[in-house]
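Student: In numbering that gives the first Met the number 0, the protein residues as written are 0 to 283. After the structure tokens below, expect a handful of questions from me.
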Amino acid sequence: MKTDEKNSYFISVNVSDLILTPLTCAALVNEIIKNLVYQRSQIPYSFNWLESAIKRKRSSLGKKECKNINLNIEKYYKVASAAFDTLEDIMKQIKSEFLKCEDLIKEVLILFGSTPLCAKEIFIIKIPFISKGHIEENHLRSMQKQQQKILRSIFLSEDWIKAMESSIPSTNTFVLLKKIKKTEMNNTNDFFTYKENYSLPSRIKHYTVELINDKKVLSNCCSHLSIHCDSQVSQSKCNTSNTCDDNSVNECIETDLLEWYQANVVVKGFKDLFVNKISASELW
0 MKTDEKNSYF ISVNVSDLIL TPLTCAALVN EIIKNLVYQR SQIPYSFNWL
50 ESAIKRKRSS LGKKECKNIN LNIEKYYKVA SAAFDTLEDI MKQIKSEFLK
100 CEDLIKEVLI LFGSTPLCAK EIFIIKIPFI SKGHIEENHL RSMQKQQQKI
150 LRSIFLSEDW IKAMESSIPS TNTFVLLKKI KKTEMNNTND FFTYKENYSL
200 PSRIKHYTVE LINDKKVLSN CCSHLSIHCD SQVSQSKCNT SNTCDDNSVN
250 ECIETDLLEW YQANVVVKGF KDLFVNKISA SELW
């Protein structure tokens, strides 16, 4: 794909301080998506605030008598709730894809626009080398501090700040994955479906966030740690005999094609609703 250099912006971030396992990489990607949809005005509040507002409303359902219901507020809640659920589904499936495909995912694409072919803006997250064979729970606690450092490097970069200066209206958000073609892995997830012959629009703004991982030492740090498996990790994930093979990754890139897979749900952007100068999220 050839892009207009005037509309292309590149942000390079070193993530070598973070042991980038499939789960930690998925968590980092999801945090970028959360912040991106908010900063590009597709949701009117931060994701964490939206989550707390939706859950507060849901926990109150059935507990209060239906008196003086404001239909506009109820309609607005349904729109906000749908957007929240869609984002949750996308992030859950991204996590699932990284755990399943590991190093096969090379890019995560976020498009804002009416359709993937008529996008207003494109954000690309380039995925670096991912360490395999780790017990994920060993790295989740240490991930938080490093993750915040990486996110600050992205969100405070000059090109990112420049991107956020311009505004776009509420529109659709599409998420796609670019994966190395693997016959046995194809079409195993109904959520991300193969998009044949897809190419990115070239004359719109492209923002590329490249995650750089210099730490390619094929070692299994988890073999020295004792951990108890829980319900979040299957017994197979706790097998520390797994080994990483960086050479196989490079070989795949050279010999196999890259394919696009699109999430089968769309996040529909929405703006805040005020009733007597109070946000509807505080009234539902």
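Glycine included, every Cβ here is placed at the ideal spot set by N, Cα and C. This structure is a prediction, so every number in the text was calculated from the model and none was measured.
Closer than 8 Å, CB to CB, is residue 211 near chain B or not?
Tutor: Any reference to chain B falls outside this structure, which holds one protein chain only.
Student: Between the alpha carbons of residue 70 and residue 59, how many angstroms are there, rounded?
Tutor: To locate residue 70, count along the sequence shown from 1; it is residue 71. To locate residue 59, count along the sequence shown from 1; it is residue 60. Spanning the two alpha carbons is a distance of roughly 17 Å.
Student: Which class does residue 48 belong to by DSSP, given the choice of helix, strand or coil?
Tutor: If you number the sequence shown from 1, residue 48 lands on position 49. The answer is helix: DSSP assigns residue 48 an H, G or I state.
Student: Which of the three DSSP states, helix, strand or coil, is assigned to residue 177?
Tutor: The residue given as residue 177 occupies position 178 in the sequence shown. It is a strand residue.
Student: Would you mind sorting residue 261 into buried or exposed? The rule is 16 or more other CB atoms within 10 Å of its CB.
Tutor: Within the sequence shown, residue 261 is the residue found at index 262, counting from 1. Its Cβ being crowded by 16 or more others within 10 Å, residue 261 is buried.
Student: Reducing DSSP to helix, strand and coil, say where residue 207 ends up.
Tutor: The sequence position of residue 207 within the sequence shown is 208, counting from 1. Three-state DSSP puts residue 207 in a strand.
Student: In its own chain, which residues sit with a C-beta less than 7 Å from the C-beta of residue 83, not counting the 5 before and 5 after it?
Tutor: Taking the sequence shown and counting its residues from 1, the one referred to as residue 83 is at position 84. Around residue 83: 49, 50, 53.
Student: Kindly confirm or deny that the region 27-38 and the region 80-94 touch, where touching means at least three C-beta pairs closer than 8 Å.
Tutor: Short answer: they touch.
Student: Would you mind listing the alpha helix (DSSP H) stretches within the region 106-169 that are 4+ residues and don't spill past its ends, in chain order?
Tutor: Counting only runs of 4 or more, we get 136-154, 157-164.
Student: Can you tell me which residues form a DSSP beta bridge with residue 89?
Tutor: Translated into positions along the sequence shown, residue 89 becomes position 90. Partner(s): none; residue 89 has no beta bridge.
Student: Run through DSSP, which three-state label would residue 32 get?
Tutor: Here residue 32 is taken as the residue at index 33 of the sequence shown, counted from 1. DSSP places residue 32 in helix when its eight states are reduced to three.
Student: For residue 96, count the other beta carbons within 10 Å of its own beta carbon; 16 or more makes it buried, fewer makes it exposed. Which is it?
Tutor: Locating residue 96 in the sequence shown gives position 97, where the first residue counts as 1. Classification of residue 96: buried, given that the 10 Å Cβ count is 16 or more.
Student: Under three-state DSSP, which class holds residue 278?
Tutor: For the purposes of this step, residue 278 is taken as the residue at position 279 of the sequence shown. In this structure, residue 278 counts as strand in the three-state DSSP scheme.
Student: How about residue 108 and residue 175: are their beta carbons less than 8 Å apart?
Tutor: The residue labelled residue 108 in the question sits at position 109 within the sequence shown. The residue labelled residue 175 in the question sits at position 176 within the sequence shown. In this structure, residue 175 lies closer than 8 Å to residue 108 by Cβ.
Student: What distance in whole Å lies between the Cβ atoms of residue 100 and residue 362, which are believed to be in contact at a cut-off of 8 Å?
Tutor: Since the first residue shown for the chain is 0 and the last is 283, residue 362 is missing from the structure and cannot be characterised.
Student: Excluding sequence positions up to five away, which residues of its chain have a Cβ less than 6 Å from the Cβ of residue 90?
Tutor: As a first step, residue 90 must be located in the sequence shown, where it is residue number 91. If we look at residue 90 and ignore the five residues flanking it on each side, its Cβ neighbours are 29.
Student: Output yes or no for whether 8 Å exceeds the beta carbon distance between residue 209 and residue 11.
Tutor: Sequence index remark: in the sequence shown, residue 209 carries index 210 (1-based). Sequence index remark: in the sequence shown, residue 11 carries index 12 (1-based). Closer than 8 Å, so yes.
Student: Run through DSSP, which three-state label would residue 267 get?
Tutor: The residue you call residue 267 lines up with position 268 of the sequence shown. In the structure shown, residue 267 sits in a strand (DSSP, three-state: E or B).
Student: If we ignore side chains and look at the alpha-carbon of each, how far apart do residue 206 and residue 159 end up?
Tutor: Here residue 206 corresponds to residue number 207 of the sequence shown, with the count starting at 1. Here residue 159 corresponds to residue number 160 of the sequence shown, with the count starting at 1. Answer to the nearest angstrom: the Cα atoms are 8 Å apart.
Student: Under three-state DSSP, which class holds residue 80?
Tutor: For the purposes of this step, residue 80 is taken as residue 81 along the sequence shown, with counting starting at 1. In this structure, residue 80 counts as helix in the three-state DSSP scheme.
Student: Residue 271 to residue 258, Cα distance in whole Å?
Tutor: Position 272 of the sequence shown, counted from the first residue, corresponds to residue 271. Position 259 of the sequence shown, counted from the first residue, corresponds to residue 258. Taking the straight line from one Cα to the other gives about 37 Å.
Student: So, are the CB atoms of residue 124 and residue 40 less than 8 Å apart?
Tutor: One-based indexing of the sequence shown puts residue 124 at position 125. One-based indexing of the sequence shown puts residue 40 at position 41. Cβ distance not < 8 Å, so residue 124 and residue 40 don't count as in contact.
Student: Please report how far the alpha carbon of residue 267 lies from the alpha carbon of residue 72, in whole angstroms.
Tutor: In the sequence shown, counting from the first residue as 1, residue 267 sits at position 268. In the sequence shown, counting from the first residue as 1, residue 72 sits at position 73. C-alpha separation (whole angstroms): 18 Å.
Student: May I have the straight-line CA-CA distance separating residue 16 from residue 68, to the nearest angstrom?
Tutor: As a first step, residue 16 must be located in the sequence shown, where it is residue number 17. As a first step, residue 68 must be located in the sequence shown, where it is residue number 69. If you take the alpha carbons of residue 16 and residue 68, they lie about 51 Å apart.
Student: List the DSSP bridge partners of residue 191.
Tutor: For the purposes of this step, residue 191 is identified with residue 192 of the sequence shown, where counting begins at 1. Answer by DSSP bridge pairing, in chain order: 262.
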